[in-house]
Amino acid sequence: MANRDVERGGKKNRGANNNYFYDESSGETHWTSWLIPAIVVANLAVFIAVMFVNDCPKKITGANKECVARFLGRFSFQPLKENPLFGPSSSTLEKMGALEWRKVVHEHQGWRLLSCMWLHAGIIHLLTNMLSLIFIGIRLEQQFGFIRVGLIYLISGLGGSILSSLFLQESISVGASGALFGLLGAMLSELLTNWTIYANKAAALITLLFIIAINLALGMLPRVDNFAHIGGFLTGFCLGFVLLVRPQYGWEASRTNTSRTKRKYSMYQYALFVVAVVLLVVGLTVALVMLFKGENGNKHCKWCHYLSCFPTSKWAC
Numbered sequence: 001m002a003n004r005d006v007e008r009g010g011k012k013n014r015g016a017n018n019n020y021f022y023d024e025s026s027g028e029t030h031w032t033s034w035l036i037p038a039i040v041v042a043n044l045a046v047f048i049a050v051m052f053v054n055d056c057p058k059k060i061t062g063a064n065k066e067c068v069a070r071f072l073g074r075f076s077f078q079p080l081k082e083n084p085l086f087g088p089s090s091s092t093l094e095k096m097g098a099l100e101w102r103k104v105v106h107e108h109q110g111w112r113l114l115s116c117m118w119l120h121a122g123i124i125h126l127l128t129n130m131l132s133l134i135f136i137g138i139r140l141e142q143q144f145g146f147i148r149v150g151l152i153y154l155i156s157g158l159g160g161s162i163l164s165s166l167f168l169q170e171s172i173s174v175g176a177s178g179a180l181f182g183l184l185g186a187m188l189s190e191l192l193t194n195w196t197i198y199a200n201k202a203a204a205l206i207t208l209l210f211i212i213a214i215n216l217a218l219g220m221l222p223r224v225d226n227f228a229h230i231g232g233f234l235t236g237f238c239l240g241f242v243l244l245v246r247p248q249y250g251w252e253a254s255r256t257n258t259s260r261t262k263r264k265y266s267m268y269q270y271a272l273f274v275v276a277v278v279l280l281v282v283g284l285t286v287a288l289v290m291l292f293k294g295e296n297g298n299k300h301c302k303w304c305h306y307l308s309c310f311p312t313s314k315w316a317c
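Anchor point for the sequence shown: position 317 equals 317 in full-length UniProt numbering, and the numbering is continuous, going up by one each time.
Structure (structure tokens):
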């Protein structure tokens with residue numbers, strides 16, 4: 001991609017098979033997953049539309065510039081030197097709604113905070129994100145339903161876009177990985193708030209933390225928007241305490257024994273719920289105010305840029 005183009009995701013969340021994280025003995029009714037497949041189809045449709053608009057053969061110039069897979073006609077990809085992910089140009093992505101700080105703040109195009117979630121830098125970027133979404137999202141939707149999972153997906157994507165805009169103001173950004181990290185964050189908070197229903201608590205926690213750590217570490221590579229990942233993860237983590245609370249273990253059985261009836265939710269679940277709501281509302285409000293006032297997050301945090309790209313002898317940021 002061009003230097004000012006930042007992708008969200010890349011090789012993210014692979015192997016996050018969340019069958020491991022849920023207790024199958026709970027007897028809860030499973031929902032039929034349709035929202036996550038619909039989101040996958042929508043992302044594929046948007047990518048096709050973007051490639052149609054891109055029309056590489058018509059717009060590419062120069063003797064040494066050849067579109068990739070020219071047999072696809074106007075759906076062929078930009079030259080690999082420009083976009084190694086087999087996708088459109090940066091200008092096409094910007095035209096179609098990529099996240100760009102100046103347009104959001106100075107041209108009042110706040111809708112880009114959400115539209116960028118449906119765009120991808122290339123076919124590789126798209127496929128890795130959609131495979132991750134299928135592995136993570138379908139299981140969550142089966143457990144908690146489309147409304148709660150849909151809210152987590154959208155609000156986490158928004159949170160990722162806001163943090164990205166605050167810290168990456170010289171690049172455009174696209175991708176669904178902020179929302180994907182929100183689902184990962186929600187999985188972690190769901191495990192913590194519903195701790196009593198899990199049989200293999202430590203193993204589930206260690207495995208999930210390992211997956212999250214690896215993906216956040218990969219986000220420190222160049223050209224990957226790790227601020228979108230972090231913002232999405234933190235937003236989803238708070239939302240999990242609010243939207244994914246389940247009755248404590250043994251509550252249903254205790255209802256038949258009135259002398260020893262348990263509370264449906266424990267005090268620590270109520271406490272986590274309240275703290276998460278406060279953090280979520282305050283955090284998003286403050287971040288939005290800072291964004292639309294034109295604040296640069298790097299001025300308030302001198303070291304935070306290392307969270308998105310850590311320079312080494314192999315690459316520069």
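C-beta atoms are modelled at their ideal positions from N, C-alpha and C, and glycine is treated no differently. Fair warning: this is a prediction, and the values are worked out from it, not measured in the lab.
Checklist entry - DSSP state of E94, grouped into three classes? => result Correct three-state label for E94: helix.
Next on the checklist: Cutting at 7 Å between CB atoms, please list the residues of its own chain near L288, excluding the five before and the five after it.
Outcome noted: I162
Next on the checklist: Does the contact criterion of 3 or more C-beta pairs under 8 Å hold for the stretch 92-101 versus the stretch 140-149?
Outcome noted: no
Checklist entry - Using the C-alpha atoms, what's the distance from A45 back to N296? => result 34 Å
Checklist entry - Per DSSP, what kind of secondary structure is I60 in: helix, strand or coil? => result coil
Checklist entry - Does DSSP classify S173 as helix, strand or coil? => result Here S173 sits in strand by DSSP.
Item to check | Whether V40 touches I134 by CB criterion (8 Å) | outcome: With a cutoff of 8 Å on beta-carbon distance, V40 and I134 are scored as near each other.
Checklist entry - Can you give the Cα-Cα distance for V104 and W31, rounded to whole angstroms? => result 37 Å
Checklist entry - Taking the alpha-carbon positions, what's the L168 to A316 distance? => result 16 Å
Item to check | Simplified DSSP assignment, three categories, for V245 | outcome: coil
Checklist entry - Going by the beta-carbon positions, is the gap between L126 and N200 smaller than 8 Å? => result no
Item to check | Residue from T92, V53, V275 and S132 with nearest C-alpha to G73 | outcome: V53
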